[in-house]
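Asks:
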Amino acid sequence: MNLSRDERLTIASYDNMAEAWAREHATPGWWSEEIAKFKGYLPTGKIIEVGSGGGRDAKELVEAGYGYVGTDVSSGLLVEAKKLNPGVAFLNQSVYELDFPDNSFDGFWASAVLLHIPKNRIDEALQSLGRVVRDKGVGFISVKQGEGERMEFEEAHAPSVHQRLFSYYSEDEFKDVLLRNNFTTLEFYLKPSGGKTTWLVFFVQARKI
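To get the working numbering, take the position in the sequence shown, counting from 1, and add 209.
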């Protein structure tokens with residue numbers, strides 16, 4: 210995988226805290242409203258999740274009836290996702306290098322994953338997603354509201370100190386990113402999550418040129 214130092218450090222942090230992180234983020238229902246909305250835009254079909262994490266969303270998406278494939282670059286989190294979802298396909302693939310033919314999927318799910326992409330590679334990530342999704346394919350994206358990008362250090366899940374790359378966006382900034390990568394915004398809203406985090410929530414549609 211062609212990844213930057215910051216991306217590799219982020220992956221290593223997730224590998225090191227995979228079990229604890231997956232347990233902390235295992236509570237079902239956080240994106241239930243969004244899955245229902247997604248179902249309205251794409252009632253059935255084959256979808257790919259990038260950044261499947263501990264498999265929480267995968268479980269709900271499979272239960273919603275989608276043909277599902279999950280991808281992540283953290284081998285530790287993939288282990289946790291497979292534990293939670295026996296028999297479901299999870300692959301170790303980077304969003305930049307999705308190993309599927311063009312137009313393989315009817316939609317995609319990208320919850321809290323593009324926020325770990327350096328801003329100078331966000332176009333590359335979205336173009337890769339756009340390639341594997343069919344024309345008018347539907348996507349869900351959530352990123353954190355804010356400015357800039359930076360490595361953040363935390364001592365959660367001690368004893369290790371973890372460092373992860375975060376890229377923050379304003380509504381207008383990310384809408385511009387979507388437009389230049391041939392995605393139409395179907396719906397947008399803010400979703401506060403308590404504390405300091407507010408999510409930018411996007412439902413999008415791929416436009417093939």
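The beta carbon of each residue, even a glycine, is placed where N, CA and C say it ideally should be.
Fair warning: this is a prediction, and the values are worked out from it, not measured in the lab.
Please state the DSSP three-state secondary structure of SER351.
Replies: Here SER351 sits in strand by DSSP.
Asks: Measuring only from the beta carbon, is LEU323 closer than 6 Å to any heavy atom that is part of the ligand NAD?
Replies: With respect to the ligand NAD, the structure shown offers nothing to examine, as it has no ligands at all.
Asks: Should MET210 be labelled buried (16 or more other beta-carbon atoms within 10 Å of its own) or exposed?
Replies: By the neighbour-count rule (16 or more Cβ atoms within 10 Å), MET210 is not buried but exposed.
Asks: Taking the straight line between their C-alpha atoms, what separation do you get for TYR398 and LYS405?
Replies: Roughly 17 Å between the two C-alpha positions.
Asks: Between THR394, LEU409 and ARG217, which lies nearest to TRP240 when the distance is taken from Cα to Cα?
Replies: Comparing Cα positions, the closest option is LEU409.
Asks: What is the DSSP secondary structure of ASN329, reduced to helix, strand or coil?
Replies: Here ASN329 sits in helix by DSSP.
Asks: For the alpha helix (DSSP H) that ILE244 lies in, which residues bound it at each end?
Replies: Taken as a continuous stretch (DSSP letters only), the alpha helix (DSSP H) holding ILE244 covers 241–250.
Asks: Output needed for ALA367: all residues of its chain with C-beta closer than 6 Å, excluding positions within five of it in sequence on either side, in chain order.
Replies: Because the pLDDT at ALA367 is just 47, under 50, the model does not fix this residue reliably, and the value given afterwards should be weighed accordingly. Hits under 6 Å: none found.
Asks: Okay, do the segment 341–354 and the segment 282–297 touch, 3+ Cβ pairs below 8 Å being the bar?
Replies: With a cut-off of 8 Å, the segment 282–297 and the segment 341–354 do not count as touching, because too few Cβ pairs lie within range.
Asks: Run through the DSSP bridge pairs and tell me what PHE383 is partnered with.
Replies: Per DSSP, none; premise fails for PHE383.
Asks: Grab me the residues of LEU300's own chain with a C-beta within less than 6 Å of its C-beta, minus the 5 sequence neighbours each way, in chain order.
Replies: Excluding positions up to five away in sequence, the list reads THR280.
Asks: Starting from GLU306, trace the beta strand (DSSP E) in both directions and tell me its first and last residue.
Replies: Taken as a continuous stretch (DSSP letters only), GLU306 belongs to no beta strand (DSSP E), as it is neither H nor E.
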